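Student:
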Amino acid sequence: MPKQTKNNLADETSPYLLQHADNPVNWYAWNETALNKAIEEDKPILLSIGYSACHWCHVMAHESFEDNETAKLMNEHFINIKVDREERPDIDKIYQTAQQMLTQKTGGWPLTMFLTPEDHIPFFGGTYFPIESKYGLPGFKVILTRIADFYQQERDSIRQQNGSFLMSLQNVNQQVAPDKTAELGPLPLETATQQLHQSFDLQFGGFGSAPKFPHPSNLEHLLRQHLQTDCIQNQAINMVELTLGKMALGGLYDQLGGGFYRYSVDREWIIPHFEKMLYDNGLLLTLYSQAWQITKNPLYHQVATGTADWVIDEMQSPEGGYYSS
1 MPKQTKNNLA DETSPYLLQH ADNPVNWYAW NETALNKAIE EDKPILLSIG YSACHWCHVM
61 AHESFEDNET AKLMNEHFIN IKVDREERPD IDKIYQTAQQ MLTQKTGGWP LTMFLTPEDH
121 IPFFGGTYFP IESKYGLPGF KVILTRIADF YQQERDSIRQ QNGSFLMSLQ NVNQQVAPDK
181 TAELGPLPLE TATQQLHQSF DLQFGGFGSA PKFPHPSNLE HLLRQHLQTD CIQNQAINMV
241 ELTLGKMALG GLYDQLGGGF YRYSVDREWI IPHFEKMLYD NGLLLTLYSQ AWQITKNPLY
301 HQVATGTADW VIDEMQSPEG GYYSS
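With the working numbering, letter number 169 in the sequence shown gets 169, and the count goes up by one each step, no holes.
#1: Check residue 165 in the structure and name its three-state DSSP category.
#2: Could you give the distance in angstroms between the alpha-carbon of residue 85 and the alpha-carbon of residue 128?
#3: What are the boundary residues of the alpha helix (DSSP H) that includes residue 142?
#4: From residue 299 to residue 285, what distance separates their C-alpha atoms?
#5: Kindly list the residues whose CB is nearer than 8 angstroms to the CB of residue 101, restricted to its own chain and excluding five residues on each side of it in sequence; keep chain order.
#6: Taking only the alpha-carbon atoms, compute the straight-line gap between residue 288 and residue 18 and give it to the nearest angstrom.
#7: Could you check how far apart the C-beta atoms of residue 247 and residue 211 are, in whole angstroms? I think they sit under 8 angstroms.
#8: For residue 253, which three-state DSSP category applies?
#9: Rounded to the nearest angstrom, what separates residue 99 and residue 110 at their Cα positions?
#10: How long is the line joining the alpha carbons of residue 55 and residue 275, rounded to whole angstroms?
#11: Determine the contact status of residue 277 and residue 317, defining contact as a CB-CB distance below 8 angstroms.
#12: Taking its Cβ as the centre, do 16 or more other Cβ atoms sit within 10 Å of residue 105, making it buried, or is it exposed?
#13: Suppose you measure from the CA of residue 125 to the CA of residue 44; what does that come to, to the nearest Å?
#14: Quick check on residue 311: buried or exposed, where buried means 16 or more other Cβ atoms within 10 Å of its Cβ?
#15: Kindly indicate the opening and closing residues of the alpha helix (DSSP H) around residue 101.
#16: Residue 28 bridges to which residues according to DSSP?
#17: Using 10 angstroms around the beta-carbon of residue 330, count the other beta-carbons present and answer buried if the total reaches 16, otherwise exposed.
#18: Given that a residue counts as buried once 16 or more other Cβ atoms are within 10 Å of its Cβ, and exposed if not, what is residue 143?
#19: Can you name, in chain order, every residue of its own chain whose Cβ lies under 7 angstroms from the Cβ of residue 63, other than the five neighbours on each side?
#20: Taking the alpha helix (DSSP H) that residue 282 belongs to, which residues open and close that run?
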């Protein structure tokens, strides 16, 4: 069997892009060569954004990008561009915002966007797509065929949609001058606390249902409300303590190695998504440290110490910096 020829990512330095250098997909990095090729061949751009530690990025790569039949569809109908979000956070930020506006759903990785070649405006997008239809999601091969047909047959509709999308994006980014005569008051913070209470899981802590993320910024807000606002202090601290205890004693916290996984697959914090991120652990380290200072609960001290040890032992590079994941 002949050896697979490497694609255009073989000369890149990003570990994530190099993971895809052997794919049968004719990948390009985000550069002038790829963008000009899309215009010259009048093909839409298939933009895929991820990072090397992303579980679902690896799943989609194995299912679709290593599959010869899928790669043939991608190469025939699209200019395929791979972006490492850790190398180009600017591109990731733009298209994460665009995906949320197009689909009215939260973003994530892998991010999968289809762009017009001349102006790079997205006209369809999503995150992970399975190779065949399942999980309530359309199969990626079906999407590729339909998007290719739609691009060829509905140019006017795409242009009209893109015009409306740009207007919406401008409205989102428009800066509103602050009212210098307005006075700051407690009402916005109290409203935020009440909204958090409405989405709070009274049985297992945290907010919403499965999959459940720790949302440390929300919990830090509740800690501050506990310290500053007498009328809701018991409600706020009870929400914080229930959540911190459930997370620390469940599967979200690595009971052997220390540190927190990214989220829980289930509502009860039992089954984690086995991926640890530096930014999550940094925020949770701060949160548990603050909670210990306020409550003196020894569990919080133990978790904060274990998380700090994990960050130093496992995430610090020989040069003194820290790996993001």
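Just so you know, even glycine gets a beta-carbon here, dropped at the ideal spot from N, CA and C. Small disclaimer: the values here were computed from a predicted structure and weren't measured.
Tutor: By the coordinates alone:
#1: helix
#2: 15 angstroms
#3: 140 to 153
#4: 13 angstroms
#5: 165, 168, 169, 172
#6: 37 angstroms
#7: Actually they do not touch by this definition, with Cβ atoms about 14 angstroms apart.
#8: strand
#9: 12 angstroms
#10: 7 angstroms
#11: no
#12: exposed
#13: 12 angstroms
#14: buried
#15: 89 to 103
#16: 81
#17: It is not possible to answer for residue 330, since the shown part of the chain is limited to 1 through 325.
#18: buried
#19: 130, 131
#20: 278 to 295
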